[in-house]
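Shown next, in structure tokens, is the structure this report addresses.
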């Protein structure tokens with residue numbers, strides 16, 4: 003079942019079957035992030051986490067020019083004017099929420115992906131005209147918050163170059179370094195995104211949910227810590243309903259009927 007909800011002015015929310023689509027709707031600002039966009043995406047992740055029907059979250063931008071250009075630097079915006087009475091920033095809170103979200107996240111990168119926009123995805127499908135960059139040094143800043151995500155994804159030398167030169171890379175280079183999963187012509191972007199979504203949502207939501215949590219937990223572990231952790235996980239996973247159903251379906255040569263439990 004597909005449902006489109008009354009949208010926030012700056013974020014469109016649509017459920018397409020088992021996927022929740024979140025579209026940044028600020029094309030005139032190159033889909034720059036506002037407080038409304040940040041809080042809207044965070045609420046979308048909360049909804050996905052709480053709803054067993056939702057098995058993937060897709061994040062994209064309106065139009066074909068930009069996926070997300072980072073913080074809104076236009077005149078009158080409140081970017082980089084934090085409320086010092088609060089201990090956390092809105093973008094940092096969104097990254098915290100995305101990091102702990104156990105629902106798979108996929109980006110449909112429809113154009114330029116810059117600055118904080120680089121932290122909004124796990125898996126990604128990019129149009130071949132898209133570019134990726136961290137231009138903060140060009141305005142006297144540094145991509146500090148998004149580094150918490152990118153240092154797990156990109157080799158240190160290339161990451162240093164991106165941060166310290168502010169120069170972008172094209173979609174094909176982003177694919178070669180593993181920043182995105184697939185690069186396709188713009189005309190094929192929707193089909194390829196749906197292809198990837200379909201190959202996520204037809205799998206066990208229990209396995210994917212617990213698996214994403216496992217991968218997150220193991221990022222900073224030593225080998226001995228990681229193998230002991232995964233050893234304990236593989237002993238408990240067969241106790242889930244989905245694992246029992248998956249094995250029964252394999253033996254009976256039929257499609258599995260996932261319950262998400």
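Residue numbers (the working numbering): 3 to 263.
The beta-carbon is built from N, C-alpha and C at its ideal position, and this holds for glycine as well.
In angstroms, rounded to a whole number, what distance separates the CA positions of residue i and residue j?
| i | j | result |
| --- | --- | --- |
| residue 106 | residue 60 | 9 Å |
| residue 222 | residue 179 | 21 Å |
| residue 117 | residue 136 | 5 Å |
| residue 112 | residue 69 | 5 Å |
| residue 71 | residue 215 | 28 Å |
| residue 37 | residue 92 | 7 Å |
| residue 8 | residue 17 | At residue 8 the pLDDT is 48, less than 50, meaning the model places this residue with poor confidence; the figure from the coordinates comes in the next sentence. In a straight line, the C-alpha of residue 8 is about 12 Å away from that of residue 17. |
| residue 191 | residue 261 | 30 Å |
| residue 48 | residue 99 | 8 Å |
| residue 151 | residue 120 | 9 Å |
| residue 263 | residue 129 | 36 Å |
| residue 39 | residue 252 | 43 Å |
| residue 173 | residue 46 | 27 Å |
| residue 12 | residue 256 | 43 Å |
| residue 189 | residue 110 | 13 Å |
| residue 175 | residue 114 | 14 Å |
Name the one or two DSSP bridge partners that residue i has.
| i | result |
| --- | --- |
| residue 107 | 59 |
| residue 153 | Per DSSP, none; premise fails for residue 153. |
| residue 134 | 115 and 171 |
| residue 22 | 17 and 59 |
Hey, is residue i's beta-carbon within less than 8 Å of any beta-carbon in chain C?
| i | result |
| --- | --- |
| residue 240 | The structure shown contains no chain C; it is built from a single protein chain. |
What is the DSSP secondary structure of residue i, counted as helix, strand or coil?
| i | result |
| --- | --- |
| residue 16 | strand |
| residue 148 | coil |
| residue 129 | strand |
| residue 228 | helix |
| residue 223 | coil |
| residue 101 | helix |
| residue 117 | helix |
| residue 164 | helix |
So does the segment 205 to 212 actually touch the segment 236 to 247, counting three or more Cβ pairs closer than 8 Å?
yes
My parser needs the beta strand (DSSP E) runs of 3 or more residues fully inside the segment 172 to 214; what are they?
184 to 186
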